[in-house]
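J.: Just dropping this structure here.
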């Protein structure tokens, strides 16, 4: 098995980005959110990061990038609707 | 030019597959029905969670403090890595490199199997310490949502086993089946990405 | 003789429309099928406008409310109808089984469906019937006992998820693994969601209020939304499946195809 083709693969680069961003959000929550009080900055940041990660997985890993348009529209629509509602309810209650 | 770029991005090297690479629905369409529906159902659960969190955010915040953030993060990376192996394996299978695909899916399976183990390491100390679904609404949500997700992971591991069996079998591997299994696994990954942010990270 | 009869039915003369339906080879399945809307409408009537058992009352209602509900006139009527029509439930489940028999999967799946339906029917329908029936038919119970029966009835109705989990998982898996494609694959996945919503109902045993109580958003309302749509769709699919079933695949096809012999009697008893 030629490991190099898999290491130098666009999918692997996407994974590296996803992992880096995950660690970042972990640090944000651990340090910025250490106080466990309501914190809109932390929340918005981690939710946006989650949205970006989800989009990357959908687009590249699930290969929606090469899928028919209706699937692109549906998945993107789901993502936007979900995070809009999540943020909406978060700020609506606060 | 674009087609060459498409080829390298999926890792496939067969020229004959370029035509299929454009506008290709991976796997069984009924699995996409399931994936989209599951995403919507979980999406509703997530939004309802956010609503109830807003009703009592102090209790939720204090309860969140008791979660093991490290294990949560590890689990996220574990699933992301497993998804990577699945994606690479799918591309390899499509490119005819069945031996590679089998190994990659094997790695995905091993990686994915770490998730339930970490979950046990997370649940057991809590339950022993008396933190159960009945403790408060946050923990009810925590156990129910992560429990439901865990069931999805376990089912996904079973599906990965079937994919590996398909790849190793004497007959030609059914690429559609490999893609279908891969789609399911990525959905499981996505659900966790959102769950992780909602339960562990947000304040 | 048979030819004349068939010719008459094919030309659809108005003189003999009544003979048509009795000659229908799938009469058994259609009878079972059309009982379904009757059954569900009766049950809908019983549970909603008559007794207001559905949507479920609060698990944390005060005792006086519970007593009032358990001894109400409407609950009495509801229980009478329930007792008389409960027997229709197995018929509605039989519709699934006749079509499942055509699938290429192991018989284990339909045995699981039967067992799940049976145990679910006993626990999910009979027990609540007894509990609410006791309140309705036997006045004079201590309020504390009535409160226990109320809990018992509702928990049995909504918390009997294990049986239905097995039933829908067996059905869903059978559809997905079936190589004869009797029912569409997406229905198999839809049925798996039924199983998921049953699982989500597990917390009703713990929570007495909030979204995870037996009248909660997560456990009842969302599950109901999934269930009602699924139940309608599944019967639409079963309808199409019965309609499209080739005559020679029917259980009673051998009556027409095989010559009459002294052995026929033995086969009819089989």
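Residue numbers (the working numbering), protein chains in the order written: chain A, 1 to 94; chain B, 1001 to 1203; chain C, 2001 to 2270.
Note that beta-carbon positions come from the ideal geometry of N, C-alpha and C, so glycine has one too.
Just so it is clear, the structure is predicted and the values come from calculations on it, not from any experiment.
For residue 2124(C), would you say it is in contact with chain B, using Cβ-to-Cβ distances shorter than 7 angstroms as the test?
T.: Residue numbering aside, residue 2124(C) sits at position 124 when the third chain is read from its first letter. Not an interface residue.
J.: When the Cβ atoms of the stretch 1081-1092 of chain B are set against those of the stretch 1046-1059 of chain B, are three or more pairs found closer than 8 angstroms?
T.: Taking 8 angstroms as the limit for Cβ pairs, the verdict is that the stretch 1046-1059 of chain B does not touch the stretch 1081-1092 of chain B.
J.: Can you have a look at residue 2131(C) and say buried or exposed, based on whether 16 or more other CB atoms are within 10 angstroms of its CB?
T.: Walking along the third chain from the start, residue 2131(C) turns up at place 131. Counting Cβ neighbours within 10 Å, residue 2131(C) comes out buried, since at least 16 surround it.
J.: Mind reading off the beta-carbon distance from residue 2178(C) to residue 2025(C)? Whole number of angstroms is fine, and I expect it under 8 angstroms.
T.: The residue you call residue 2178(C) lines up with position 178 of the third chain. The residue you call residue 2025(C) lines up with position 25 of the third chain. No, residue 2178(C) and residue 2025(C) are not in contact; Cβ-Cβ is about 23 angstroms, not under 8 angstroms.
J.: How big is the Cα-Cα spacing for residue 1117(B) and residue 1110(B)?
T.: If you number the second chain from 1, residue 1117(B) lands on position 117. If you number the second chain from 1, residue 1110(B) lands on position 110. When rounded, the distance between both Cα atoms is 11 angstroms.
J.: Pull up the CB-CB distance for residue 1201(B) and residue 52(A), whole angstroms please, since I reckon it's below 8 angstroms.
T.: Here residue 1201(B) is taken as the residue at index 201 of the second chain, counted from 1. Here residue 52(A) is taken as the residue at index 52 of the first chain, counted from 1. So it is not a contact: roughly 14 angstroms between Cβ atoms.
J.: So is residue 1077(B) in contact with chain A if we call contact Cβ pairs under 7 angstroms?
T.: Here residue 1077(B) is taken as the residue at index 77 of the second chain, counted from 1. Output row for residue 1077(B): interface = yes.
J.: Check whether the Cβ of residue 2178(C) sits closer than 6 angstroms to any heavy atom of the ligand MG, and report yes or no.
T.: Here there are no bound small molecules, and the ligand MG is not part of this structure.
J.: Does DSSP put residue 1057(B) in a helix, a strand or coil?
T.: Residue 1057(B) sits at position 57 when you count from the first residue of the second chain. Helix.
J.: Let me know the secondary structure DSSP gives residue 2191(C) once reduced to three states.
T.: Taking the third chain and counting its residues from 1, the one referred to as residue 2191(C) is at position 191. Correct three-state label for residue 2191(C): helix.
J.: Do you know how far the Cα of residue 2160(C) is from the Cα of residue 2111(C)?
T.: Translated into the one-based positions of the third chain, residue 2111(C) becomes position 111. Translated into the one-based positions of the third chain, residue 2160(C) becomes position 160. Each residue's alpha carbon lies about 19 angstroms from the other.
J.: Could I get the ranges of all uninterrupted alpha helix (DSSP H) runs contained in the stretch 1041-1127 of chain B, with 4 residues as the minimum, in chain order?
T.: Complete alpha helix (DSSP H) runs here, min 4: 1057-1064, 1069-1094.
J.: Beta carbon of residue 2147(C), beta carbon of residue 2063(C): below 7 angstroms?
T.: Position 147 of the third chain, counted from the first residue, corresponds to residue 2147(C). Position 63 of the third chain, counted from the first residue, corresponds to residue 2063(C). In this structure, residue 2063(C) lies closer than 7 angstroms to residue 2147(C) by Cβ.
J.: Would residue 13(A) be called buried (16 or more neighbouring beta carbons within 10 Å of its own) or exposed?
T.: Counting from 1 along the first chain, the entry for residue 13(A) is found at position 13. Flag for residue 13(A) reads exposed.
J.: If residue 2165(C) and residue 2189(C) are in contact, beta carbons under 8 angstroms, what's the gap, nearest whole angstrom?
T.: For this step, residue 2165(C) is matched to residue 165 along the third chain. For this step, residue 2189(C) is matched to residue 189 along the third chain. Residue 2165(C) to residue 2189(C), Cβ: 16 angstroms. No contact.
J.: Kindly say whether residue 1124(B), judged by its beta-carbon, lies nearer than 7 angstroms to any beta-carbon of chain A.
T.: Position 124 of the second chain, counted from the start, is the residue given in the question as residue 1124(B). So no, residue 1124(B) is outside the interface.
J.: Chain B partners of residue 30(A), CB-CB under 8 angstroms?
T.: On the first chain, position 30 is the one that residue 30(A) refers to. Near residue 30(A) (Cβ distances below 8 angstroms), the residues of chain B are 1069.
J.: Got a sec? Which residues, its chain only, sit under 8 angstroms from residue 2158(C) by beta carbon, not counting five neighbours each side?
T.: As a first step, residue 2158(C) must be located in the third chain, where it is residue number 158. Cβ neighbours of residue 2158(C) beyond the five flanking positions: 2056, 2201, 2204, 2214, 2219, 2220.
J.: Chain A beta carbons: is any one of them nearer than 7 angstroms to that of residue 1169(B)?
T.: As a first step, residue 1169(B) is located in the second chain; it is residue number 169 there, counting from the start. Answer no: the Cβ-Cβ gap between residue 1169(B) and chain A never drops below 7 angstroms.
J.: Identify whether residue 1131(B) lies in helix, strand or coil by the three-state DSSP scheme.
T.: The residue you call residue 1131(B) lines up with position 131 of the second chain. If DSSP states are grouped into helix, strand and coil, residue 1131(B) belongs with coil.
J.: Going by beta carbon distance, what residues of the same chain come within less than 8 angstroms of residue 1154(B), once the five residues before and after it are set aside?
T.: Stepping through the second chain from its first residue, residue 1154(B) is reached at position 154. Closer than 8 angstroms at Cβ, skipping near neighbours: 1116.
J.: Can you tell me whether residue 89(A) is helix, strand or coil according to DSSP?
T.: By one-based count along the first chain, residue 89(A) stands at place 89. Helix, per DSSP.
J.: For chain B, find out if any of its Cβ atoms is closer than 7 angstroms to the Cβ of residue 2035(C); answer yes or no.
T.: Locating residue 2035(C) in the third chain gives position 35, where the first residue counts as 1. Not closer than 7 angstroms to any Cβ of chain B, the Cβ of residue 2035(C) fails to qualify, so no.
J.: Just how far apart, CA to CA, sit residue 63(A) and residue 1032(B)?
T.: The count along the first chain starts at 1 and reaches residue 63(A) at position 63. The count along the second chain starts at 1 and reaches residue 1032(B) at position 32. Rounded to the nearest angstrom, the two C-alpha atoms are 12 angstroms apart.
J.: With a threshold of 7 angstroms between beta carbons, is residue 1152(B) in contact with chain A?
T.: Translated into the one-based positions of the second chain, residue 1152(B) becomes position 152. Not one chain A Cβ lies under 7 angstroms of residue 1152(B).
J.: Along the chain, where does the alpha helix (DSSP H) containing residue 2179(C) start, and where does it finish?
T.: As a first step, residue 2179(C) must be located in the third chain, where it is residue number 179. It is not in any alpha helix (DSSP H) - residue 2179(C) carries neither H nor E in the DSSP assignment.
J.: Is the CB of residue 1127(B) under 7 angstroms away from at least one CB in chain A?
T.: One-based indexing of the second chain puts residue 1127(B) at position 127. Not closer than 7 angstroms to any Cβ of chain A, the Cβ of residue 1127(B) fails to qualify, so no.
J.: Pairing CB atoms from the stretch 2025-2044 of chain C with CB atoms from the stretch 1168-1182 of chain B, are three or more of them under 8 angstroms?
T.: The stretch 2025-2044 of chain C is not in contact with the stretch 1168-1182 of chain B.
J.: Check each residue of the stretch 2205-2223 of chain C: if its Cβ is closer than 8 angstroms to any Cβ of chain B, include it; give the result in chain order.
T.: Result list: 2206, 2207, 2210, 2211, 2212, 2217, 2218, 2222.
J.: Considering just the uninterrupted stretch of the alpha helix (DSSP H) at residue 19(A), what are its terminal residues?
T.: Within the first chain, the letter at position 19 stands for residue 19(A). Where residue 19(A) is concerned, the enclosing alpha helix (DSSP H) stretches over 10-27.
J.: Whether or not the stretch 26-33 of chain A and the stretch 1065-1082 of chain B are in contact is what I'm after, with contact meaning three or more pairs of Cβ atoms, one per stretch, closer than 8 angstroms; do they touch?
T.: Result yes; three or more Cβ-Cβ pairs closer than 8 angstroms.
J.: Select from 2258(C), 2255(C), 2240(C), 2079(C) the residue whose C-alpha is nearest the C-alpha of residue 2153(C).
T.: For this step, residue 2153(C) is matched to residue 153 along the third chain. With distances taken between Cα atoms, residue 2153(C) lies closest to 2079(C).
J.: Run down chain C in chain order and give the residues with a C-beta less than 8 angstroms from the C-beta of residue 1030(B).
T.: Counted from its first residue, the second chain places residue 1030(B) at position 30. Result: 2184, 2185, 2186, 2188, 2189.
J.: Pick out the complete alpha helix (DSSP H) segments inside the stretch 2027-2082 of chain C, 4 residues or longer, and give them in chain order.
T.: The stretch 2027-2082 of chain C contains these whole alpha helix (DSSP H) runs: 2027-2045, 2063-2070.
J.: Grab the span of the alpha helix (DSSP H) containing residue 2245(C) for me, first residue to last.
T.: As a first step, residue 2245(C) is located in the third chain; it is residue number 245 there, counting from the start. Taken as a continuous stretch (DSSP letters only), residue 2245(C) belongs to no alpha helix (DSSP H), as it is neither H nor E.
J.: By Cβ distance, which residues of its chain are closer than 6 angstroms to residue 2059(C), with the 5 residues on each side in sequence left out?
T.: Position 59 of the third chain holds residue 2059(C). Result list for residue 2059(C): 2208, 2213, 2214, in chain order.
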